[in-house]
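Working notes, structure below.
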Amino acid sequence: MNLVTGGAGYIGSHFIKAFLDVFQDDNIIAVDNLTEGHASALSFSNRIHFEQEDIGNTEAMVRIFRKYDIKTIIHFAASCYVGDSQINPAKYFHNNCIQTLNMFKAMEICGIRQILFSSTCATYGNPQYLPLNEVHPQQPINVYGSTKLMTEQALRAYSIAQGWSYVALRYFNASGADESGIIGESHDPETHLIPLILKTALGKRKALQIFGNDYETPDGTCIRDYIHVNDLASAHIAALSYLRNHPRGESFNLGTTNGSSVLEVINMCKKVTGLDIPVEYVPKRPGDPPVLVANADKARELLGWKTSYDMQSIVQTAWHWEQNRRY
Ligand code: UFG
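The sequence shown begins at 46 in the working numbering and counts up by one.
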């Protein structure tokens with residue numbers, strides 16, 4: 046049986062939906078402490094068995110692993126805001142490293158040795174070349190990236206010492222929502238660019254703040270590689286079968302190779318919504334590299350994976366969700 050941590054979160058819930066769509070006879074276990082996740086994000090199927098628990102509670106995790114005879118973990122649970130991580134480093138080291146290591150202990154006790162891990166392009170830091178491939182040096186410039194790199198290193202060590210198989214998936218910028226409209230992105234507070242732009246379009250915010258306009262990019266604003274959350278979900282499904290056939294550790298970038306600047310994203314949101322989006326320029330946000338764009342050839346070649354959504358469909362699905370949010 047597969048167990049998903051952070052299953053009630055944005056990417057976790059999209060993975061679960063995609064997984065249950067593909068594997069019609071399977072069930073899945075979702076663990077979430079609901080500090081950031083939403084119970085309603087898991088109400089779409091009765092094949093989801095939900096356990097409200099902290100992944101860092103080793104005893105409780107042992108009980109859950111044994112209850113469902115868990116063989117593989119898909120580990121999404123984490124604090125995931127770059128800006129917040131700079132202000133609250135201890136929270137990020139606790140939630141992302143210590144809690145994860147506590148769960149690893151439970152995995153050891155139960156003999157579970159397969160794990161898919163949500164890592165990030167934030168582990169690379171400032172690009173030395175672009176697009177970023179997996180062998181680019183990992184020198185994070187923010188706390189969030191450091192916590193994810195530390196976890197990758199722990200997995201590498203477990204793989205060598207204990208024969209664990211792991212796949213670390215380094216996401217670029219997760220965005221968009223499932224077309225069904227039943228799940229989507231919902232953070233409190235919201236800090237991600239696309240939902241903030243769309244909230245501004247709806248008049249829920251006065252103006253979109255643009256963090257810096259003197260980066261060394263063509264229009265001076267930061268460039269990111271926005272990837273649809275369902276493309277991330279399908280990569281996890283491909284990575285699950287890879288994990289079962291390759292008993293070692295591997296890392297893959299998940300991105301589209303197409304960078305969009307903050308201004309380009311705003312323009313796409315104007316086009317899709319047909320609404321005006323007021324902006325104001327404010328200073329750079331600490332910890333933001335100017336450009337992050339993926340070379341995802343390795344995932345295409347070894348996982349047989351490809352993306353299906355472009356920037357316009359990312360914004361269209363996010364807009365549909367934003368106007369009809371369920372949570
Ligand atoms: N931005 C603004 N104004 C805002 C919000 C964001 O200008 O109000 C800019 C940021 O400076 C950045 C870009 O928009 O250049 C995207 O910012 P997000 O906060 O949406 O995303 P991040 O790139 O900071 O981080 C996200 C996830 C991380 C992940 C990372 C990988 O939150 O978990 O993508 O790049 F690691």
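Ideal placement from N, C-alpha and C gives every residue a C-beta, glycine not left out. All values derive from a computational prediction rather than experimental measurement.
Helix, strand or coil at His59 [DSSP, three-state]: helix
Buried/exposed call for Ser353, threshold 16 Cβ in 10 Å: exposed
Cβ-Cβ distance between Leu194 and Thr236 below 7 Å: no
Any non-hydrogen atom of ligand 1 within 6 Å of Val338 CB: no
DSSP beta-bridge partners of Arg330: Its beta-bridge partners do not exist; DSSP assigns none.
Residue of Ser231, Phe217, Thr117 minimising C-alpha distance to Leu79: Ser231
Beta bridge counterpart(s) of Thr117 as assigned by DSSP: Asn47, Gln159
Arg269: CB within 6 Å of a non-hydrogen atom of ligand 1: yes
Pairwise C-alpha distance: Asp321 and Leu247: 9 Å
Ligand 1 heavy atom lying under 6 Å from the CB of Asp333: yes
Check: Gln254 C-beta below 6 Å from any heavy atom of ligand 1: yes
Simplified DSSP state of Phe217, which is helix, strand or coil: coil
Terminal residues of the beta strand (DSSP E) in which Gly101 lies: Where Gly101 is concerned, there is no enclosing beta strand (DSSP E), given that its DSSP letter is neither H nor E.
Touching by the beta-carbon criterion (3+ pairs, under 8 Å), the region 100-110 and the region 57-64: no
Bridge partner(s) assigned by DSSP for Asp270: Asp270 pairs with nothing; no bridge assigned.
Top-ranked residue by Cα proximity to Ile93, from Ala75, Gly82, Ser85, Leu308: Ala75
Beta-carbon spacing of Gly304, Asp270 below 7 Å: yes
Assigned exposure category for Arg111 - 16 Cβ within 10 Å defines buried: exposed
Any non-hydrogen atom of ligand 1 closer than 6 Å to Asn218 Cβ: yes
Where the beta strand (DSSP E) containing Leu87 begins and where it ends: Premise fails: Leu87 is in no beta strand (DSSP E) and is neither H nor E.
Which residues DSSP lists as bridging Asn298, in chain order: Arg215
7 Å Cβ shell around Gln173 - same chain, five flanking residues per side excluded: His181, Pro182
Alpha-carbon spacing of Ile239 relative to Ser220, whole angstroms: 7 Å
Spatial distance of Lys343 from Ile282 (CA atoms): 16 Å
Within the region 234-273, ranges of the alpha helix (DSSP H) (whole runs, at least 4 residues): 238-246
At least three beta-carbon pairs within less than 8 Å, the region 126-142 to the region 296-310: no
7 Å Cβ cutoff met for Phe229 and Ile272: Before going on, a small fix: residue 229 reads as Gly here, not Phe. The answer is no: Cβ separation not under 7 Å.
Own chain partners of Leu48 with C-beta closer than 6 Å, once the 5 adjacent residues on each side are dropped: Ile74, Ile115, Ile118
Cβ shell of Gly257 (< 6 Å), same chain only, five flanking positions each side left out: Lys329
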